[in-house]
Amino acid sequence: MLCSAPMILVGLTGGVATGKSTVAKMFKQYGAVVIDADQLARDVVKPGKPAWRAIVTLFGKIVLNPDRSLDRQAIGSIVFRNRTIRRQLEHIIHPRVAREQQRLVRRVDKHKPHAVVIYEVPLLFEADVDKRVDTIIVVTADRGTQVARLRKRNGLSRTEALRRIRSQMPLAKKIQQADHVLNGTLPRSSLRKQVGQLFKSLRLLA
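All residue numbers for the sequence shown refer to numbering that gives the first Met the number 0, where the first residue is 0 and numbers rise by one.
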């Protein structure tokens with residue numbers, strides 16, 4: 000466990016476009032502290048930082064926007080077609096994200112020792128984050144919903160959407176390792192109710 004009792008660190012994950020961020024926002028509304036791995040990943044690759052320099056070395060300047068920030072769409076179009084390069088990118092980003100997450104958790108532990116901390120991380124199992132949390136929530140959705148959401152949200156073709164879904168660990172395997180499972184396709188009111196009930200049970204452990 001990464002945090003000392005009585006604070007509880009919850010890993011929130013699922014497949015791409017299953018509703019993780021929606022669930023995280025609901026937990027925050029109930030009073031949980033939310034740490035977003037995607038935001039940490041964006042922070043550690045800001046122009047000039049070591050990870051940014053390593054990524055530019057890996058891909059070249061073709062992945063830079065005019066303001067020198069990384070073109071995430073350009074990188075995505077490369078890494079979701081090439082597993083080797085995707086792994087190289089993950090080796091650059093994941094350790095730095097982990098260090099930043101641990102720093103934030105220590106700060107929460109100091110100022111809110113009874114907090115329920117939700118760590119929203121898409122690649123929780125793939126990056127071995129599951130070994131550093133106290134309990135795991137997996138948000139699920141059917142394949143059709145994932146594809147539809149990705150096409151609407153990211154402007155992807157069906158083929159591109161499926162490629163992104165298949166680049167991650169199968170949802171069925173994540174569910175097998177989950178302590179709690181939430182259906183991200185439920186109506187908002189029903190999902191919010193389930194999140195509220197789960198938050199209450201987690202607070203009893205914190």
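C-beta atoms are modelled at their ideal positions from N, C-alpha and C, and glycine is treated no differently.
Taking buried to mean at least 16 other C-beta atoms within 10 Å of its own C-beta, is residue 72 buried or exposed?
Taking the first residue of the sequence shown as 1, we reach residue 72 at position 73. Flag for residue 72 reads exposed.
Measuring only the C-alpha atoms, how far is residue 132 from residue 178?
Residue mapping note: residue 132 aligns to position 133 of the sequence shown, counting from 1. Residue mapping note: residue 178 aligns to position 179 of the sequence shown, counting from 1. Looking at the two C-alpha atoms, the distance is approximately 11 Å.
Inter-residue CB distance, residue 120 and residue 17 (contact presumed, cutoff 8 Å)
Here the question's residue 120 lines up with position 121 in the sequence shown. Here the question's residue 17 lines up with position 18 in the sequence shown. In fact, because the Cβ distance is near 13 Å, the residues do not count as touching under 8 Å.
Can you tell me whether residue 37 is buried or exposed? The criterion is at least 16 other CB atoms within 10 Å of its CB, across all chains shown.
The count along the sequence shown starts at 1 and reaches residue 37 at position 38. Exposed.
Answer with buried or exposed for residue 117, where buried requires no fewer than 16 other C-beta atoms within 10 angstroms of its C-beta.
Locating residue 117 in the sequence shown gives position 118, where the first residue counts as 1. Residue 117 is buried by the Cβ-count criterion.
Quick one: is residue 69 buried, meaning 16 or more other Cβ sit within 10 Å of its Cβ, or exposed?
Counted from its first residue, the sequence shown places residue 69 at position 70. Flag for residue 69 reads buried.
Are the region 184-195 and the region 18-31 touching, with three or more C-beta to C-beta distances below 8 Å?
yes
Please name the residue in 5, 40, 202, 170 whose C-alpha comes closest to that of residue 95.
Along the sequence shown, one-based indexing puts residue 95 at 96. Closest option to residue 95, Cα to Cα, is 40.
Residue 50 versus residue 128 - alpha carbon distance:
Looking up residue 50 in the sequence shown gives position 51. Looking up residue 128 in the sequence shown gives position 129. Rounded to whole angstroms, residue 50 to residue 128 spans 20 Å at the Cα level.
With DSSP as the reference, identify every bridge partner of residue 179, one or two as the case may be.
Taking the first residue of the sequence shown as 1, we reach residue 179 at position 180. Answer by DSSP bridge pairing, in chain order: 136.
Report the rounded CA-to-CA distance for residue 47 versus residue 77, giving the unit in angstroms.
Mapped onto the sequence shown, residue 47 falls at position 48. Mapped onto the sequence shown, residue 77 falls at position 78. Taking the straight line joining both Cα atoms gives about 22 Å.
Those residues which DSSP pairs with residue 34 across a bridge
Against the sequence shown, residue 34 aligns to sequence position 35. DSSP output for residue 34 lists 118 as bridge partner(s).
Can you give, in chain order, each stretch of the alpha helix (DSSP H) that sits fully within the region 9-63 and has at least 4 residues?
19-29, 36-43, 49-58
Is residue 174 closer than 8 Å to residue 139 when the C-beta atoms are compared?
For the purposes of this step, residue 139 is taken as the residue at position 140 of the sequence shown. For the purposes of this step, residue 174 is taken as the residue at position 175 of the sequence shown. Yes, these two residues count as a Cβ contact at 8 Å.
Do you know whose CA, among 10, 80, 54, lies nearest residue 35's CA?
Along the sequence shown, one-based indexing puts residue 35 at 36. Taking only the C-alpha atoms, the option nearest residue 35 is 10.
Check each candidate in 172, 148, 156, 112 and name the one with the smallest Cα separation from residue 135.
Locating residue 135 in the sequence shown gives position 136, counting from the first residue. Nearest neighbour of residue 135 by Cα position, chosen from 172, 148, 156, 112, turns out to be 172.
Output needed for residue 150: all residues of its chain with C-beta closer than 6 Å, excluding positions within five of it in sequence on either side, in chain order.
Residue numbering aside, residue 150 sits at position 151 when the sequence shown is read from its first letter. Closer than 6 Å at the Cβ level, and outside the excluded window around residue 150, lie 160.
Reduced DSSP secondary structure (H/G/I, E/B, other) of residue 201:
What you label residue 201 is simply residue 202 of the sequence shown in a count that begins at 1. The answer is helix: DSSP assigns residue 201 an H, G or I state.
Distance, residue 176 Cα to residue 90 Cα
Sequence index remark: in the sequence shown, residue 90 carries index 91 (1-based). Sequence index remark: in the sequence shown, residue 176 carries index 177 (1-based). About 24 Å.
Rounded separation between residue 65 and residue 204 - CA only
One-based indexing of the sequence shown puts residue 65 at position 66. One-based indexing of the sequence shown puts residue 204 at position 205. Roughly 48 Å separates the two Cα atoms.
Closest by C-alpha distance to residue 15, when choosing among 168, 158, 195, 84:
Indexing the sequence shown from 1 puts residue 15 at position 16. Of 168, 158, 195, 84, the residue nearest in Cα terms is 168.
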